[in-house]
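Using UniProt numbering, read the sequence shown as starting at 1 and increasing by one per residue.
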Amino acid sequence: MCLCACFCGGSKILAPGEEENLELEGEEDPAAGHGSVDTFSPRAPGTLLPQLPSEPGMTLLTITIEKIGLKDAGQCIDPYMTISIKDVNGVDLNPVQDTPVASRKEDTFIHFNVDVEVQKHVEKLPKGAAIFFEFKHYKPKKRFTSTKCFSFMELDEIKPGPIVIELYKKPTDFKRKKLQLLTKKPLYLHLHQTLQKDS
């Protein structure tokens, strides 16, 4: 939900989309990663899709995932985001997309700086739909990729410019019925929206 509106090597590495584990993660050292700047080695290219063809009177939406704030950002291995659009019942409306592994980490932030092309014109998104962002990372001790937290953006939050949205505890609640904030700390997902309408 928008604050403006209301508010990762083991021997086996899983590629984006090959996982899902809803096991709760333990608390990690909150001091980890502070004061450090590091880059991630390229691993997976992601599954991002190209922009849709323009249609008269229809609006295209590009979402730039800038960065995510996490207290243990320095401990995350091969982090990436999974983006999906769900209807009010949590059913997929579009192909699910995975970003490449994040570009770098700095203090309590993991930087992505990647554009995601929403695969449906804004006008064709049904009432009650939402765009979900799941933050995932590799856990070498358990040798799987895990969802750490998620965030989402509702239709009334689609507008040009920057947006900062809250992070929620896993498992991902696509129906948005039982949401629990990840932390009380001021750590969020930072996005930028670009809308393009063909007249």
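No residue lacks a Cβ here, since even glycine has one placed at the ideal position from N, Cα and C.
Within 8 Å, strictly: CB atoms of residue i and residue j
{"i": "residue 62", "j": "residue 187", "result": "no"}
{"i": "residue 153", "j": "residue 129", "result": "no"}
{"i": "residue 166", "j": "residue 150", "result": "no"}
{"i": "residue 47", "j": "residue 136", "result": "no"}
{"i": "residue 189", "j": "residue 168", "result": "no"}
Presumed contact (8 Å Cβ cut-off) between residue i and residue j, rounded CB distance
{"i": "residue 59", "j": "residue 193", "result": "Not confirmed; about 11 Å, so no contact."}
{"i": "residue 120", "j": "residue 85", "result": "7 Å"}
{"i": "residue 172", "j": "residue 132", "result": "7 Å"}
Residue i versus residue j: straight-line alpha-carbon distance, rounded
{"i": "residue 36", "j": "residue 68", "result": "Unreliable placement is indicated for residue 36, whose pLDDT of 48 sits below 50; the coordinate value is still reported in the next sentence. Each residue's Cα considered, the two are about 15 Å apart."}
{"i": "residue 99", "j": "residue 64", "result": "11 Å"}
{"i": "residue 97", "j": "residue 125", "result": "17 Å"}
{"i": "residue 185", "j": "residue 179", "result": "16 Å"}
{"i": "residue 78", "j": "residue 175", "result": "28 Å"}
{"i": "residue 159", "j": "residue 170", "result": "27 Å"}
{"i": "residue 76", "j": "residue 88", "result": "31 Å"}
{"i": "residue 155", "j": "residue 123", "result": "10 Å"}
{"i": "residue 226", "j": "residue 106", "result": "This structure gives no information on residue 226, because the portion of the chain shown stretches from 1 to 199."}
{"i": "residue 42", "j": "residue 148", "result": "Low per-residue confidence applies at residue 42: pLDDT is 49, beneath 50, and the placement is therefore not dependable enough to give any value."}
{"i": "residue 127", "j": "residue 55", "result": "21 Å"}
{"i": "residue 103", "j": "residue 191", "result": "15 Å"}
{"i": "residue 139", "j": "residue 199", "result": "47 Å"}
{"i": "residue 27", "j": "residue 163", "result": "Below a pLDDT of 50, predicted positions are generally treated as unreliable, and residue 27, at 40, falls in that range; the measurement from the model is reported next regardless. Each residue's alpha carbon lies about 28 Å from the other."}
{"i": "residue 73", "j": "residue 110", "result": "6 Å"}
{"i": "residue 177", "j": "residue 90", "result": "11 Å"}
{"i": "residue 101", "j": "residue 143", "result": "17 Å"}
{"i": "residue 80", "j": "residue 45", "result": "10 Å"}
{"i": "residue 95", "j": "residue 146", "result": "20 Å"}
{"i": "residue 66", "j": "residue 161", "result": "12 Å"}
Span of the beta strand (DSSP E) around residue i
{"i": "residue 83", "result": "77-86"}
{"i": "residue 162", "result": "161-165"}
{"i": "residue 153", "result": "144-154"}
{"i": "residue 113", "result": "109-117"}
{"i": "residue 133", "result": "130-139"}
{"i": "residue 193", "result": "189-197"}
{"i": "residue 157", "result": "Careful: residue 157 lies outside any beta strand (DSSP E) and carries neither H nor E."}
{"i": "residue 60", "result": "59-69"}
* To do: Flag this pair as touching only if the stretch 48-66 and the stretch 102-115 have three or more C-beta atom pairs under 8 Å; answer yes or no.
  => yes
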